[in-house]
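Notes follow once the structure below has been shown.
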Amino acid sequence: MALLSMAILMAITSGSVHSKEPEASGFVMRNHGPFTALVGIPARWPDGTDHAAEFVWNVSNHAMHASGTDVEILQDGETHTLTARFQYPVSPRVRAGVELPWISHSGGSLDSLIDTWHGWFGLPEGIRPQLADDQLDYVIRLNGVDTFRMNESVSGIGDIRLALAVELGKLEKWLGGGGALAGYLSRVPWRMSLTAKLPTGEAEKLTGSGSADIAAGVGWRSPHARGAAVNWWLDLGLVWPGKVDLAAFNVAGQIFYYDAALTWRVVRRFDVIVQVAGHSGVYQGDIATLARPAAQLAVGGLWHITPGIGIRAGIFEDLRAKSAPDFGIELAVIIGRWK
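Shown next, in the form of structure tokens:
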């Protein structure tokens with residue numbers, strides 16, 4: 212706790228006073244499904260903004276049952292993830308980032324709220340009516356035998372992520388021709404990123420995979436324009452995962468991922484954020500929920516309290532049923548500026 216307090220103090224004091232409000236940043240769009248989250252799919256960090264640090268709380272609720280030829284899984288519970296994220300400009304074009312997660316699995320307390328939410332919007336309930344409220348039960352069953360079962364609350368450090376992002380300039384070097392669209396696209400900045408997930412978590416606690424993963428990606432964002440109300444970004448990449456130390460799970464050889472968002476500054480100190488993220492199947496096999504592509508939608512906003520401090524909040528829903536947590540909430544505090 213003392214180290215975390217010191218890190219927060221350093222992030223606050225590192226940002227000098229500026230008249231310009233912080234730039235818009237997106238949600239941590241990681242698939243927090245208890246088995247899917249073991250694989251190191253990046254969540255856009257470093258993100259190219261002038262933020263020095265983010266302290267993010269995510270709660271994801273799970274209610275899903277699926278079976279294949281030999282394997283059956285049950286996900287009934289709630290995951291709370293606290294992540295401290297730091298980034299620093301190593302040079303004008305290179306940024307280094309680190310993500311330090313703490314993960315907790317429990318029965319939670321959101322089941323009745325989610326039932327109400329689904330009722331309001333006519334969303335499918337899936338197996339929720341068959342499950343007791345606020346219980347924890349994660350099960351992997353192979354040939355009728357439980358090879359993994361978690362029904363008591365656990366918590367621990369997750370897999371730490373280290374990343375580098377390199378700004379590569381604008382697309383004008385690769386785009387020719389005239390016209391308004393070509394002119395706009397030629398001003399789009401792009402970058403490359405490399406992320407390593409370290410095996411600091413524990414597979415038996417579902418806080419880590421037990422091995423390292425590597426990811427590489429490219430990203431584009433809207434050209435800088437002073438006073439622009441609408442901005443966007445798009446990231447694409449591949450993950451080369453290691454093994455997951457759970458019986459019956461064979462990880463895919465490589466995983467494609469994407470993250471896209473649109474932000475709108477409705478007033479001087481508030482941005483609306485709409486973000487979509489997803490990935491190809493994480494595991495091999497005939498359990499469709501783990502082997503097929505996943506997609507999530509997040510909607511929320513970022514309030515710039517001061518030039519150096521912001522609060523981001525949003526709600527998550529799975530766009531493809533059973534491919535991601537049924538419901539999620541994020542609350543983040545954004546601190547500091549390196550410029």
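Just so you know, we're using the numbering used here here: the sequence shown kicks off at 212 and counts up by one. Where a beta carbon is used, it is the ideal one built from N, C-alpha and C, also for glycine.
Can you give me the Cβ contacts of residue i inside the same chain, cut-off strictly under 6 angstroms, excluding the 5 residues immediately before and after it?
i	result
R352	E283
A376	P257, R306, R402, S404
A543	E265, V267, R523
H490	I252, I466, Y468, A505
Check each candidate in the options and name the one with the smallest Cα separation from residue i.
i	options	result
L342	L508, E413, T247, H276	H276
T406	G412, E415, V429, A263	V429
A505	V485, R479, Y468, G512	Y468
Q495	F538, R241, T280, W256	T280
W475	P452, W514, V493	W514
D446	Q486, R479, R480	Q486
V450	I252, G237, G512	I252
A459	R480, L501, P452	L501
L321	F297, I314, H291, V309	H291
Could you check if residue i is buried or exposed, using at least 16 other CB atoms within 10 Å of its CB as the buried criterion?
i	result
H273	buried
V477	exposed
L285	buried
G380	exposed
G354	The amino acid occupying residue 354 in the given sequence is Asn; Gly does not appear at that position. By the neighbour-count rule (16 or more Cβ atoms within 10 Å), N354 is not buried but exposed.
D470	buried
By DSSP, does residue i sit in helix, in strand, or in coil?
i	result
I325	helix
T500	helix
K454	coil
S566	Residue 566 is absent from the model: the chain starts at 212 and stops at 550.
E234	coil
K416	helix
D445	It is Leu, not Asp, that sits at residue 445 in the sequence shown. DSSP places L445 in strand when its eight states are reduced to three.
A248	helix
L342	coil
L382	helix
V301	coil
S534	coil
F460	coil
V239	coil
W431	strand
Within a Cβ cutoff of 8 angstroms, which residues of the same chain sit near residue i, ignoring the five residues on either side of it in sequence?
i	result
G318	G288, E289, D345, Q346, L347, S364
Can you tell me whether residue i sits near the ligand COA, meaning its C-beta is under 7 angstroms from at least one heavy atom of the ligand?
i	result
A488	Absence of the ligand COA is noted for the structure shown, with no ligands found whatsoever.
For residue i, collect the residues of the same chain with a Cβ closer than 7 angstroms to its Cβ; drop the 5 residues on either side in sequence, then sort them by chain order.
i	result
A436	none
G419	L249, G369, D370, P410, T411, G412, E413
I516	I522
Touching by the beta-carbon criterion (3+ pairs, under 8 angstroms), the segment 243-252 and the segment 534-543: yes
Touching by the beta-carbon criterion (3+ pairs, under 8 angstroms), the segment 405-423 and the segment 431-444: no
contact_flag[the segment 435-442, the segment 454-467] where n(CB pairs < 8 angstroms) is 3 or more: no
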